[in-house]
Amino acid sequence: MVQAEVATGADVPESRPSDDDVREELERLLSSPDLHASDRRRAFLRYIVEETLSGRADRLKGYTVAVAVFGRDETFDSQTDPVVRLEARRLRRDLDSYYVDPGLHDQVRISIPKGSYVPHFEWSESAPPASPVDEPTTPGGEAVEGENPDPDAEEPARQPRHVLTALAIVVVLAAAGFAGWFLRGERTAPLPVSTGDYVGEPAVVVLPFEALATTQDSRYLADGISQELISDLMRFPGFRLYTLPIGFGDEASPEPEKLGRDLGVAYVVRGNVRDDTDHVRVSAQLFDAATGQVVWTGDFDRPSSPESLIRAQSELAAKIATELGQPYGVVTKDLEGRQAAVGVTNMKSYVCVLRAYGYRRGFLREEFEPVVDCLEEAVRRDPGYSDAWAMLGWMYMDAGRFEFAKTGDLQTHYQKGFDAATQAVKLDPDNTLALKALSSIDYYMGRFDEAERLARRAVELNPNDPDALAQLGWRLAARGKFDEGIPILRHAIERTVNPPGWYFHFVAIDLYLKGDYREMLKVAQRSAVDGSGVSQVLIAIADAELGNREATRAALDDIPKSGPLARDPAEYFARHGTTDEIVDALMAGLDKARAFASES
56 MVQAEVATGA
66 DVPESRPSDD
76 DVREELERLL
86 SSPDLHASDR
96 RRAFLRYIVE
106 ETLSGRADRL
116 KGYTVAVAVF
126 GRDETFDSQT
136 DPVVRLEARR
146 LRRDLDSYYV
156 DPGLHDQVRI
166 SIPKGSYVPH
176 FEWSESAPPA
186 SPVDEPTTPG
196 GEAVEGENPD
206 PDAEEPARQP
216 RHVLTALAIV
226 VVLAAAGFAG
236 WFLRGERTAP
246 LPVSTGDYVG
256 EPAVVVLPFE
266 ALATTQDSRY
276 LADGISQELI
286 SDLMRFPGFR
296 LYTLPIGFGD
306 EASPEPEKLG
316 RDLGVAYVVR
326 GNVRDDTDHV
336 RVSAQLFDAA
346 TGQVVWTGDF
356 DRPSSPESLI
366 RAQSELAAKI
376 ATELGQPYGV
386 VTKDLEGRQA
396 AVGVTNMKSY
406 VCVLRAYGYR
416 RGFLREEFEP
426 VVDCLEEAVR
436 RDPGYSDAWA
446 MLGWMYMDAG
456 RFEFAKTGDL
466 QTHYQKGFDA
476 ATQAVKLDPD
486 NTLALKALSS
496 IDYYMGRFDE
506 AERLARRAVE
516 LNPNDPDALA
526 QLGWRLAARG
536 KFDEGIPILR
546 HAIERTVNPP
556 GWYFHFVAID
566 LYLKGDYREM
576 LKVAQRSAVD
586 GSGVSQVLIA
596 IADAELGNRE
606 ATRAALDDIP
616 KSGPLARDPA
626 EYFARHGTTD
636 EIVDALMAGL
646 DKARAFASES
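Numbering of the sequence shown is given in this note's numbering, commencing with residue 56 and proceeding in unit increments.
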């Protein structure tokens with residue numbers, strides 16, 4: 056048995072970079088063209104670092120940052136203006152990207168932990184420690200790094216709870232499938248929106264499951280359990296399934312009663328996963344959102360194998376569906392059929408697919424190669440695993456469209472993706488994940504008719520999946536079929552609480568082409584939750600048409616300064632299958648915005 060070491064008074068505290076070391080790294084960062092941060096985010100970084108080094112870390116709240124850095128006045132409200140949260144998430148992404156490659160050998164690293172605006176300073180793994188420097192503390196002596204800088208504002212008054220048959224079902228989807236050019240980057244916190252006027256179906260939110268162990272695989276496993284539960288529930292027409300934006304899981308889990316008030320839902324599902332070497336325990340609770348009382352609870356103890364976990368997921372979905380009034384026999388028969396076609400026997404392979412879901416939350420470059428390597432090993436180990444082949448196909452496509460690969464041309468990567476996704480569909484022709492992957496790759500290879508056919512098939516198999524609807528609507532709109540595509544996109548949006556930003560992009564483009572610039576701006580601003588350059592392009596175009604010069608300049612400044620979009624916007628949009636007419640219109644609008652912003 057290994058004894059834990061006991062600290063003594065002679066122990067030397069872990070050394071940290073000095074103030075001078077940190078300031079030297081800050082100047083290196085701000086002067087580097089490889090830090091792909093806008094001028095506003097660079098000012099943001101300088102401010103929070105200097106405030107922390109000056110002993111004022113306890114003042115780094117959303118309000119003070121908004122006033123000091125982003126020019127907001129004393130009326131600033133973080134609940135209605137998410138500028139600080141959004142820019143903080145973008146800055147975290149900028150720093151992560153910098154330290155992956157160009158800043159890999161910098162001795163000091165600066166990061167911004169989630170849930171705080173207080174930066175963290177540390178030596179890189181390859182750098183020698185310097186003299187000890189204490190962590191910043193609040194006046195009371197407590198570390199401020201984990202502090203939530205934007206505590207919830209006063210909660211709105213309780214909304215009247217409708218009877219169960221008058222509510223729509225709402226699901227938190229922690230990993231949206233298709234994201235492409237829209238979905239890269241982190242997300243803002245969710246904002247309450249109407250769930251629509253649906254009748255006859257219960258409303259339920261499935262929160263991301265918590266990993267009770269601290270290993271990375273445990274987090275993947277917990278995430279995968281909640282994702283699979285959502286997928287299982289999506290298969291039943293009695294539920295209306297909605298999604299929240301990626302990044303919702305970064306926030307502390309809200310209480311059931313708060314979700315009932317804010318979203319008008321009837322039920323909340325929450326759970327956790329504990330795993331060890333050969334055993335996994337999944338626990339779940341179903342809460343009444345009006346009272347916070349537990350309606351149902353279930354524990355599933357299983358051997359640590361994919362078959363056992365998939366069976367536990369299916370049983371969990373069936374139990375919850377039963378509690379919500381679904382015919383148990385129908386649920387069980389459908390889920391048993393799904394189990395029979397899984398084709399995975401190795402736990403490592405299963406975890407690889409969960410890692411791929413995690414990658415597809417933010418499409419971070421530093422996560423790309425490890426996930427590809429893992430999936431390639433998974434399909435060698437479990438060649439009958441359709442989900443692994445589907446995810447691998449998507450990863451190969453990303454190598455080309457995001458220019459993540461170090462070698463190889465675009466079509467070579469697309470062909471590899473096509474081969475992998477084709478194998479996924481061959482193994483399981485009714486696997487919607489495989490169909491969506493193959494549809495996406497066909498689309499990027501220019502086979503638009505086949506891509507549309509596969510997307511329609513995915514919707515046919517699962518008409519309750521907002522992601523499948525959004526993919527189909529997006530592709531139709533990109534090919535100029537706005538009359539059919541926009542209603543499908545709007546339908547996906549209506550079925551989604553705080554949908555991801557890419558759902559809105561072609562809705563905004565359609566409004567632009569119709570000359571409705573004011574409504575276009577509203578939709579484009581709503582799309583900015585995705586943190587992508589495309590959203591800022593659309594905002595800049597709309598603001599320029601409306602004569603908002605400063606807003607136009609701000610949006611243009613937030614467009615990435617490097618990468619495919621910055622290098623050649625027209626080619627970037629064309630690469631994603633957008634018609635020449637749409638590309639020409641967007642380029643005309645962007646040129647106009649740039650000219651307008653440059654005027655004094």
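Note that beta-carbon positions come from the ideal geometry of N, C-alpha and C, so glycine has one too.
Please read all numbers here as calculations on a predicted model, not as lab measurements.
- Comparing C-alpha distances from Q348 to each of D613, A606, P311 shows the shortest one belongs to P311.
- Taking the Cα positions, A547 is about 43 Å away from T107.
- DSSP, read as helix, strand or coil, puts V335 in strand.
- Going by DSSP, I564 is part of the alpha helix (DSSP H) stretching over 557–568.
- F503: member of the alpha helix (DSSP H) spanning 503–516, first to last residue.
- Non-local C-beta neighbours of Q478 in its own chain, meaning closer than 7 Å and more than five positions away in sequence, comprise W444, ordered along the chain.
- Rounded to the nearest whole angstrom, the CA to CA distance from M452 to Y414 is 14 Å.
- If you keep only unbroken beta strand (DSSP E) runs of at least 3 residues inside the segment 148–178, you get 163–166, 175–178.
- If you draw a 10 Å sphere on the C-beta of P361, you find 16 or more other C-beta atoms in it, and that means buried.
- A residue is called buried when at least 16 other Cβ atoms come within 10 angstroms of its Cβ; P263 meets this threshold and is buried.
- Separation of the CB atoms of A563 and A583 is rounded to 10 Å, and the pair is thereby denied contact status at 8 Å.
- Listed in chain order, the non-local C-beta contacts of G535 below 7 Å within the same chain comprise T634, E636, I637, local neighbours out to five positions each way being set aside.
- In this structure, G126 is the residue among V426, G126, R581 with its C-alpha nearest to the C-alpha of R95.
- According to DSSP, residue pairing for V349 in a beta bridge involves F342.
- Judged by their CB atoms, A411 and V434 are not nearer to each other than the 8 Å cut-off.
- Annotation for D330: the continuous beta strand (DSSP E) segment containing it runs 322–330.
- Taking the C-beta atoms as reference points, I285 is found nearer than 8 Å to V261.
- Listed in chain order, the non-local C-beta contacts of A143 below 7 Å within the same chain comprise I167, Y172, local neighbours out to five positions each way being set aside.
- Here the alpha carbon of P615 sits roughly 24 Å from the alpha carbon of G170.
- Buried is the label assigned to L141, since at least 16 other Cβ atoms lie within 10 Å of its Cβ.
- Taking 8 Å as the cut-off, the Cβ atoms of V480 and L493 count as close.
- Across the set D497, D354, L409, the C-alpha of D354 shows the shortest separation from the C-alpha of G326.
- Counting C-beta pairs closer than 8 Å gives fewer than three between the segment 107–126 and the segment 564–571, which falls short of the contact rule.
- Assignment of E265 by DSSP, reduced to helix, strand and coil, places it in the strand class.
- About 5 Å separates the Cβ atoms of Y572 and A597, confirming a contact at the 8 Å cut-off.
- Contact between G455 and H468 holds, with the beta-carbon distance rounding to 3 Å and staying under 8 Å.
- When DSSP assignments are scanned along the segment 560–632, the uninterrupted stretches of alpha helix (DSSP H) that are 4 or more residues long and fall wholly within it turn out to be 572–582, 588–600, 604–612, 619–622, 624–630.
- For the set V337, A268, G588, the Cα lying nearest the Cα of H91 is the one of G588.
- Following the DSSP letters along the chain, one finds L430 inside the alpha helix (DSSP H) bounded by residues 420–436.
- Judged by beta-carbon spacing, P358 lies beyond the 8 Å limit of D330, meaning their Cβ atoms are not closer than that value.
- The alpha carbon of T607 has as its nearest neighbour, out of G618, V592, P619, the alpha carbon of V592.
- By the CB criterion at 8 Å, G632 and F459 fall outside the cutoff.
- In this chain, S109 is not harboured by any alpha helix (DSSP H), its DSSP state being neither H nor E.
- For R357, the beta-bridge partners assigned by DSSP are V335.
- A straight-line Cα-Cα distance of about 7 Å links V406 and Y275.
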